[in-house]
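S.K.:
In UniProt numbering, the protein residues as written are 1 to 502.
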């Protein structure tokens, strides 16, 4: 007798994996636009070539302050995109949101590529920022909701993996295109990628069954789930989806105000955790290491631009290696385990950077290089990957739109503040600038030790009103309708939840 292939027990199914990869391609554009100002700054802002009229100007003259503003406004666009997902996640499906993100990225890239003045270039940066903000919220949720429990951690890491590929590809392309007028192609390339992703999304992907069930499109949800799971038996998984939506029927979608005002204490606490996690995706110093790495290392290595450029390329490659390690070992090490490794490693690396750069002798060069590589390696193991995965795991569906919008907003706000203030910080603290990140990363390590919940192997549709420490065995009590009814009948004898108190 052939054993039944239960869909929830499956691994990397071809169609499910291809949908996750297509969605995660948005990370390629996010990484590209984060890093693209790194190399061609001098060429764009001060090329010293007179524009004789006709055609596009060879460069866009601007001061260092205005250039820093264009870098920061990308993050402001990301903040706008993140906040807007509070509404777009409810109005549209996850898949449609990702399509919207590609449209913003496509149009924004064209604006910057064809910019005839600084204002047009800035508009392009804001538009691609909005697209990136949308992607940061929608892509990780989409991937988490189409993946099986076994593959959620690995597939959820794809967004950060492609983001790191985007950073690496930008650095490589910058070596050859940082000249007049070729620098404009650095904005054309991601626009082409955005168009390709839009077409792939339209013709080769499906909407999340979980989202379709929430919209009461049950037949479409069942068809989409079967397509994602291949020839596996989906009855049990689909029934679990229906039961979870039944539990959510009396819970309308929470607004941002309802979340932050503490209407549901459990949701508020977990939203704060999501905001802290996504802030640590940026706040530990990865911004200066990505956007300003060439100028920072040039200063440390006494004007050796070649050494600084090579080190930036090495760092970008190390990002990818570390993210691949996280993809393969996410379920074994766990979300919390990788966050502990990441924050501890970044703290140690920042200490090494401060010591090496402050002493600044020929003998400390290897220490600076090792510390920079260690920083990016440990960052990509945890802080770069885990926050995106844990958002959907920590928040119930009725609070996911608002909580995700708040979490991603904290990410982009930190991105803006850090990248805008970094030139000022560096000018005042010089080689001691990374002392700030030693303190920040150590605080993050303590947060992970004492506050962070391990969510590896937990079901997305477990009853989030249960105690945070509930195990998978306890969560599995909701696996069929009889058990759901049993839990409801006995809930009066257990500790009441915030939802029950309402």
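Backbone N, C-alpha and C define an ideal beta-carbon position, used for all residues, glycine too.
Mind checking which residues open and close the alpha helix (DSSP H) that includes residue 101?
M.R.: Along the chain shown, read from residue 1 onward, the residue named residue 101 stands at position 101. Taken as a continuous stretch (DSSP letters only), the alpha helix (DSSP H) holding residue 101 covers 94-113.
S.K.: Please classify residue 210: does DSSP put it in a helix, a strand, or coil?
M.R.: For the purposes of this step, residue 210 is taken as the residue at position 210 of the chain shown. If DSSP states are grouped into helix, strand and coil, residue 210 belongs with the helices.
S.K.: Within 10 Å of its beta-carbon, does residue 19 have 16 or more other beta-carbons around it, so buried, or fewer, so exposed?
M.R.: The residue given as residue 19 occupies position 19 in the chain shown. Looking at its Cβ environment, which holds 16 or more other Cβ atoms inside 10 Å, residue 19 is buried.
S.K.: Between residue 398 and residue 217, which are expected to be in contact by the criterion C-beta below 8 Å, what is the C-beta distance as a whole number of angstroms?
M.R.: Translated into positions along the chain shown, residue 398 becomes position 398. Translated into positions along the chain shown, residue 217 becomes position 217. Between residue 217 and residue 398 the Cβ distance is about 18 Å, and since that is not below 8 Å, they are no contact.
S.K.: If we count the other Cβ atoms within 10 Å of its Cβ and call it buried at 16 or more, is residue 451 buried or exposed?
M.R.: On the chain shown, position 451 is the one that residue 451 refers to. Result: exposed.
S.K.: Quick check on residue 363: buried or exposed, where buried means 16 or more other Cβ atoms within 10 Å of its Cβ?
M.R.: Counting from one through the chain shown, the residue named residue 363 turns up at place 363. Exposed: under 16 other Cβ atoms inside 10 Å.
S.K.: Give me, in chain order, the residues of the same chain whose beta-carbon lies closer than 7 Å to that of residue 194; leave out the 5 immediate sequence neighbours on both sides.
M.R.: Position 194 of the chain shown, counting from 1, holds the residue named residue 194. Answer for residue 194: 29, 102, 105, 106, 109, listed in chain order.
S.K.: Contact between the stretch 93-102 and the stretch 61-79: three or more CB pairs below 8 Å?
M.R.: The stretch 93-102 vs the stretch 61-79: no contact.
S.K.: Using DSSP bridges, identify the partner residues of residue 233.
M.R.: By 1-based counting over the chain shown, the position of residue 233 is 233. Paired residues: 6.
S.K.: For residue 270 and residue 116, what's the separation of their Cα atoms in angstroms?
M.R.: As a first step, residue 270 is located in the chain shown; it is residue number 270 there, counting from the start. As a first step, residue 116 is located in the chain shown; it is residue number 116 there, counting from the start. Distance between the alpha carbons of residue 270 and residue 116: 46 Å.
S.K.: Measure the alpha-carbon distance for residue 121 versus residue 132 and round it to whole angstroms.
M.R.: Here residue 121 corresponds to residue number 121 of the chain shown, with the count starting at 1. Here residue 132 corresponds to residue number 132 of the chain shown, with the count starting at 1. The straight-line gap from Cα to Cα measures roughly 17 Å.
S.K.: From residue 214 to residue 319, what distance separates their C-alpha atoms?
M.R.: Here residue 214 refers to the residue found at position 214 when the chain shown is read from its first residue. Here residue 319 refers to the residue found at position 319 when the chain shown is read from its first residue. Using only the alpha carbons, I get a separation of about 37 Å.
S.K.: Taking the alpha carbon of residue 260 as the point to measure from, which residue in 405, 246, 281, 191 has its own alpha carbon closest?
M.R.: Here residue 260 is taken as the residue at index 260 of the chain shown, counted from 1. Of 405, 246, 281, 191, the residue nearest in Cα terms is 405.
S.K.: State yes or no: is the C-beta of residue 146 within less than 7 Å of the C-beta of residue 16?
M.R.: Position 146 of the chain shown, counting from 1, holds the residue named residue 146. Position 16 of the chain shown, counting from 1, holds the residue named residue 16. Their beta carbons are under 7 Å apart, which means residue 146 touches residue 16 by this criterion.
S.K.: So, at 8 Å on beta carbons, what are the nonlocal neighbours of residue 22 in its own chain, with the 5 sequence-adjacent residues on each side left out?
M.R.: Locating residue 22 in the chain shown gives position 22, counting from the first residue. So the list reads 197, 200, 201, 204, 205, once near-sequence residues are dropped.
S.K.: Going by other Cβ atoms of all chains shown within 10 Å of its Cβ, with 16 needed for buried, is residue 91 buried or exposed?
M.R.: Translated into positions along the chain shown, residue 91 becomes position 91. That one is exposed.
S.K.: Between the C-alpha atoms of residue 413 and residue 129, what's the straight-line distance to the nearest angstrom?
M.R.: Walking along the chain shown from the start, residue 413 turns up at place 413. Walking along the chain shown from the start, residue 129 turns up at place 129. Spanning the two alpha carbons is a distance of roughly 12 Å.
S.K.: Return helix, strand or coil for residue 217, following the three-state DSSP convention.
M.R.: Residue numbering aside, residue 217 sits at position 217 when the chain shown is read from its first letter. Coil at residue 217, not helix or strand.
S.K.: Whose C-beta lies closer than 7 Å to the C-beta of residue 456 among residues of the same chain, with five residues either side of it excluded?
M.R.: On the chain shown, residue 456 is found 456 positions in, with the first residue counted as 1. If we look at residue 456 and ignore the five residues flanking it on each side, its Cβ neighbours are 153, 331, 334, 335.
S.K.: Can you tell me whether DSSP reads residue 38 as helix, strand or coil?
M.R.: On the chain shown, residue 38 is found 38 positions in, with the first residue counted as 1. Coil.
S.K.: For residue 151, which of helix, strand or coil comes out of DSSP?
M.R.: To locate residue 151, count along the chain shown from 1; it is residue 151. Coil.
S.K.: Between residue 272 and chain B, is any beta-carbon pair separated by less than 7 Å?
M.R.: No chain B appears in this structure, which consists of one protein chain only.
S.K.: So residue 380 packs on residue 322, CB below 8 Å; how close in whole Å?
M.R.: Residue 380 sits at position 380 when you count from the first residue of the chain shown. Residue 322 sits at position 322 when you count from the first residue of the chain shown. Their Cβ separation, rounded to whole angstroms, is 4 Å, which keeps residue 380 and residue 322 in contact under 8 Å.
S.K.: Take residue 391 as the anchor and find which of 440, 342, 281, 373 has the nearest alpha-carbon.
M.R.: Here residue 391 is taken as the residue at index 391 of the chain shown, counted from 1. Per the Cα distances, 281.
S.K.: I'd like to know whether the C-beta atoms of residue 209 and residue 225 end up nearer to each other than 7 Å.
M.R.: For the purposes of this step, residue 209 is taken as the residue at position 209 of the chain shown. For the purposes of this step, residue 225 is taken as the residue at position 225 of the chain shown. Contact flag set, yes.
S.K.: Roughly how many whole angstroms lie between the Cα atoms of residue 359 and residue 352?
M.R.: For the purposes of this step, residue 359 is taken as residue 359 along the chain shown, with counting starting at 1. For the purposes of this step, residue 352 is taken as residue 352 along the chain shown, with counting starting at 1. Approximately 11 Å between the Cα atoms of the pair.
S.K.: Can you check which of these residues, 340, 407, 71, is closest to residue 32 by C-alpha distance?
M.R.: Your numbering for residue 32 matches position 32 in the chain shown. If we check each option's Cα against that of residue 32, 71 comes out closest.
S.K.: Looking at the structure shown, is residue 455 part of a helix, part of a strand, or coil, going by DSSP?
M.R.: For the purposes of this step, residue 455 is taken as residue 455 along the chain shown, with counting starting at 1. If DSSP states are grouped into helix, strand and coil, residue 455 belongs with coil.
S.K.: If you follow the alpha helix (DSSP H) that residue 176 is part of, which residue opens it and which one closes it?
M.R.: The count along the chain shown starts at 1 and reaches residue 176 at position 176. Where residue 176 is concerned, the enclosing alpha helix (DSSP H) stretches over 158-177.
S.K.: Could you tell me whether the stretch 339-351 touches the stretch 435-455, where touching means 3 or more Cβ pairs closer than 8 Å?
M.R.: Yes, they touch.
S.K.: Just confirm the distance between the C-beta atoms of residue 279 and residue 410, as a whole number of angstroms; I'd bet it's less than 8 Å.
M.R.: The residue labelled residue 279 in the question sits at position 279 within the chain shown. The residue labelled residue 410 in the question sits at position 410 within the chain shown. Right, the Cβ-Cβ distance comes to about 5 Å (below 8 Å), so this counts as a contact.
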